[in-house]
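Here's the structure we're looking at; comments come further down.
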Amino acid sequence: MNESARDRRRARRIEWSVRAGLVAFRALASTWRINEVNGGVIRRLRASRQPFILAFWHGRMLPLLWHHRGQGINILVSEHGDGEIIARVAKALGCRTIRGSTSRGAERALLGLIRTVREGGEIAITPDGPRGPAESFATGALVVAQRSKAPVVTLAAGSSSAWRLKSWDGFMIPKPFARVTIAYGAPELFAEMSAREAAAHAPRMRSALAQLTTSADAGDVAH
Numbered sequence: 002m003n004e005s006a007r008d009r010r011r012a013r014r015i016e017w018s019v020r021a022g023l024v025a026f027r028a029l030a031s032t033w034r035i036n037e038v039n040g041g042v043i044r045r046l047r048a049s050r051q052p053f054i055l056a057f058w059h060g061r062m063l064p065l066l067w068h069h070r071g072q073g074i075n076i077l078v079s080e081h082g083d084g085e086i087i088a089r090v091a092k093a094l095g096c097r098t099i100r101g102s103t104s105r106g107a108e109r110a111l112l113g114l115i116r117t118v119r120e121g122g123e124i125a126i127t128p129d130g131p132r133g134p135a136e137s138f139a140t141g142a143l144v145v146a147q148r149s150k151a152p153v154v155t156l157a158a159g160s161s162s163a164w165r166l167k168s169w170d171g172f173m174i175p176k177p178f179a180r181v182t183i184a185y186g187a188p189e190l191f192a193e194m195s196a197r198e199a200a201a202h203a204p205r206m207r208s209a210l211a212q213l214t215t216s217a218d219a220g221d222v223a224h
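Residue numbers (our numbering): 2 to 224.
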């Protein structure tokens, strides 16, 4: 079997897996009881026609994709095999995708993100993806924010009960009828800084996102 035939078979397997998975996922997600905290942050940004950058942990992606379905947010998705599955799921839920990561296709991805924001698009980045370390904060989101002059909004998801996969990111799948907390942080601007100055804020942003995630897990995020 030649390489193109193998690629076609692999593409068909991915397509059928995604289709079957989406049916199960929609059935599961429809049972979640979602509590949104500080959602006014992005509603105010949208009302003022201000593009923004959402930053969240890779392992919390599933409930966040569901909560933001149909909103046309542009999500950075890696170019490796798992990324293809995530890209198809995201598109099926009404998101757009930009392919690349901090380790592969990085320059092209950053340029695509900056261009998207400058054209008025909203983007979402997992600063610890696609390979970790889990809950680290790569500087890409901050560089995009500095060059595009768009604010970064940290975003967290927590669940009252969930399965955790044995993956590098401890991927979280809320269980049926779980109470899911979706929490937004305050917008952070880096437009007046140099790229190096903006990147230096990565440890602080990692701490802010970690704290927001811990609060979402406990269901006690301050409004």
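Beta carbons: idealized from backbone N, C-alpha and C, even for Gly.
None of these values were measured; they are calculated from a predicted model.
Can you give me the C-alpha to C-alpha distance between R47 and A110, rounded to a whole angstrom?
Distance between the alpha carbons of R47 and A110: 24 Å.
So, helix, strand or coil for A206, using DSSP?
In the sequence on display, residue 206 carries Met and not Ala. In the structure shown, M206 sits in a helix (DSSP, three-state: H, G or I).
Candidates E16, G130, T98, R11: which alpha carbon is nearest E123's?
Closest by alpha carbon: T98.
Kindly indicate which residue of G113, R165, Q72, A201 has the alpha-carbon position closest to the one of K176.
Cα-wise, what sits closest to K176 is R165.
From the DSSP output, in three-state form, read off R165 for me.
Reduced to three states, the DSSP call for R165 is strand.
Hey, how far is the Cα of S162 from the Cα of A179?
Going by the C-alpha atoms only, they are around 6 Å apart.
By the 10 Å Cβ neighbour count, where 16 or more other Cβ atoms means buried, how is R207 classified, buried or exposed?
R207 comes out buried.
Using C-beta distances below 7 Å, list every residue in its chain close to E85, excluding the 5 sequence neighbours before and after it, in chain order.
Cβ neighbours of E85 beyond the five flanking positions: I15.
One question on the structure: do T155 and L213 come within less than 8 Å of each other, judged by their Cβ atoms?
Contact flag set, yes.
In this structure, does DSSP put E37 in helix, strand or coil?
If DSSP states are grouped into helix, strand and coil, E37 belongs with the strands.
Determine the contact status of S296 and A184, defining contact as a CB-CB distance below 8 Å.
Missing from the structure shown is residue 296; the chain here goes from 2 to 224 and no further.
If I measure Cβ to Cβ from A146 and keep anything under 6 Å in the same chain, skipping five residues before and after, which residues do I get?
These residues qualify, in order along the chain: I54, V153, F191.
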